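> I'd like to ask some things about the structure below.
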Amino acid sequence: MSDNVVWEQPDNLMEFMSMGDFENVVFCQDAASGLQAVIAIHDTTLGPAGGGCRMWTYLQYEDAALDAMRLARGMTYKYAAAGVNLGGGKCVVMGNPFVDKSEGLFRALGRFIDRLGGTYWTGEDVGTTLEDMVYIRQETPHVITLPEEWGGAGPISAMTAIGVFEAMKIAVAYQLEQESMEGLTVNIQGAGSVGAPLMQLVLDHGANVRVADINQQALVPWSAHPRVEIVGVDEIGYAPCDVFAPCALGGVIRRENLERWNTRIICGSANNQLWDAKLDVALEERGILYAPDFIVNAGGAIFDADRLGPGGVNHARGEAKVRQIGATLRKILELAEKEHLGTFRAAEVYAERRIQSVGEATRLRKF
Ligand code: NAD
Numbered sequence: 004m005s006d007n008v009v010w011e012q013p014d015n016l017m018e019f020m021s022m023g024d025f026e027n028v029v030f031c032q033d034a035a036s037g038l039q040a041v042i043a044i045h046d047t048t049l050g051p052a053g054g055g056c057r058m059w060t061y062l063q064y065e066d067a068a069l070d071a072m073r074l075a076r077g078m079t080y081k082y083a084a085a086g087v088n089l090g091g092g093k094c095v096v097m098g099n100p101f102v103d104k105s106e107g108l109f110r111a112l113g114r115f116i117d118r119l120g121g122t123y124w125t126g127e128d129v130g131t132t133l134e135d136m137v138y139i140r141q142e143t144p145h146v147i148t149l150p151e152e153w154g155g156a157g158p159i160s161a162m163t164a165i166g167v168f169e170a171m172k173i174a175v176a177y178q179l180e181q182e183s184m185e186g187l188t189v190n191i192q193g194a195g196s197v198g199a200p201l202m203q204l205v206l207d208h209g210a211n212v213r214v215a216d217i218n219q220q221a222l223v224p225w226s227a228h229p230r231v232e233i234v235g236v237d238e239i240g241y242a243p244c245d246v247f248a249p250c251a252l253g254g255v256i257r258r259e260n261l262e263r264w265n266t267r268i269i270c271g272s273a274n275n276q277l278w279d280a281k282l283d284v285a286l287e288e289r290g291i292l293y294a295p296d297f298i299v300n301a302g303g304a305i306f307d308a309d310r311l312g313p314g315g316v317n318h319a320r321g322e323a324k325v326r327q328i329g330a331t332l333r334k335i336l337e338l339a340e341k342e343h344l345g346t347f348r349a350a351e352v353y354a355e356r357r358i359q360s361v362g363e364a365t366r367l368r369k370f
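Add 3 to a position in the sequence shown, counting from 1, and you land on the number used in the working numbering.
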């Protein structure tokens, strides 16, 4: 991988294939269970490809394959930048997660994963659950995300929130030249599995919170807090604040809404926050520091993958790695400044350089 590799996202399968940087794309079919799935393995320089198993109502194989490939490439970058020794992969199952699931389907998928010989390790993702992972585990040991009684790390969203908070503190120090969160205003979009524990951390450190959620129930626990203001979903992005933390949806930052952001920092857990990767530079021109999503939200993935280390699950070791996210973000912000890159691009370059240097070291070891 060179520094010139731009994380492009083709919308056409043949174009994607012709980029030539995928190691393996497997189309899986099992007539007995009705399984139709695609497993994409992007890059295994750092270790076996890790990445969750998504179940979604894709209309055709091409859509499923494109999604698997985009997501697999994203995992390569996420793990590489986070210092995890895994490559990037993803599995997508075509079907409605509410009606099409069965033990047979996931066990058939498990057999396909097993045939890949440990080059791909799966996990929970949108549309799949820990119970589904247990079915897969009966056919293959190559499952990262499992219930604790099966040797897994347990719930990970609180760890993702810790990682976001570690990143936020560094972003505040860098952009606002302030070592504490005291008195700042943080706008949080989405009080879900990550947003809620993040809100608690922010409040515990003396900041004020503005929060919005489409689900009013999610806001009930916060309604009486003296430093929490509940606002409408249309208001949360644009109400003046020091930090905006998108913790709900992707694609919230778009060229057409760029002028409306009234914050100094964007740092949250949502995946694919930038509609277009080049918006990092446009944000910087408006005086807004963008903390790259795949660096900031890696806490859960880091914690989950720690069980592959010596001795299996070790919560203290896993959390210590998650807390390194702040230090990683600092290195990326310094790289961006030194090499005149947008922060998102700097995060990609940081990941690519780790893959390149480890790849070279491994080649030297082999000869
Ligand atoms: P979640 O479903 O538990 O919470 C999301 C919350 O956002 C829900 O309460 C939902 O009602 C709310 N919401 C949805 N649309 C909204 C809108 N337009 N405005 C305001 N609120 C809205 O999900 P989560 O696990 O907390 O994940 C949040 C984001 O972080 C997602 O983008 C997810 O992909 C990403 N992420 C999560 C993890 C993790 O460990 N859970 C890890 C990495 C990335």
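Backbone N, C-alpha and C fix where the C-beta goes; we use that ideal spot for every residue, glycine too.
Because the structure is a prediction, the values reported are computed rather than measured.
Please work out which residues of its chain come closer than 8 Å, Cβ to Cβ, to M184, disregarding the five sequence neighbours upstream and downstream, and give them in chain order.
Hits under 8 Å: M171, K172, V175, V205, H208, G209 and A210.
> Within the present structure, is the beta-carbon of V29 separated from the nearest heavy atom of the ligand NAD by less than 8 Å?
No.
> Using the beta-carbon count (16 or more within 10 Å), is V223 buried or exposed?
Result: exposed.
> On the criterion of 16 or more Cβ atoms from any shown chain inside 10 Å, does D237 qualify as buried, or is it exposed?
By the neighbour-count rule (16 or more Cβ atoms within 10 Å), D237 is not buried but exposed.
> On the DSSP bridge list, what partners appear for A40?
DSSP lists C31 and V96 as partners of A40.
> Is the Cβ-Cβ distance between G193 and A308 less than 9 Å?
Taking 9 Å as the Cβ cut-off, G193 and A308 do not qualify as a contacting pair.
> Go ahead and pull the three-state DSSP assignment for R213.
It is a strand residue.
> Am I right that G198 and C250 are in contact with their C-beta atoms under 8 Å? What's the rounded C-beta distance?
Indeed they touch by this definition, with Cβ atoms about 4 Å apart.
> Output the distance between the C-alpha atoms of T122 and A221, rounded to the nearest integer angstrom.
Each residue's alpha carbon lies about 39 Å from the other.
> Does the beta-carbon of E355 have 16 or more other beta-carbons within 10 angstroms, so that it is buried, or is it exposed?
By the 10 Å Cβ count, E355 comes out buried.
> Name the one or two DSSP bridge partners that Y61 has.
For Y61, which the question treats as bridged, DSSP gives no partner whatsoever.
> Could you tell me whether any non-hydrogen atom of the ligand NAD is closer than 8 Å to the CB of L261?
The answer is no for L261.
> Note the first and the last residue of the continuous beta strand (DSSP E) segment covering E232.
Element bounds for E232: V231 to I233.
> Write down every uninterrupted run of the alpha helix (DSSP H) in the segment 152 to 207 whose length is 4 residues or greater and which is fully enclosed by it, in chain order.
Complete alpha helix (DSSP H) runs here, min 4: 160 to 179 and 198 to 207.
> What does DSSP give as the partner residue(s) for G54 in the beta ladder?
G54 is not bridged to any residue.
> Taking DSSP as the reference, what is the three-state secondary structure of Y293?
Here Y293 sits in strand by DSSP.
> How close, in whole Å, do the beta carbons of V325 and G157 come, if the pair is a contact with beta carbons under 8 Å?
The Cβ separation is near 13 Å, so there is no contact.
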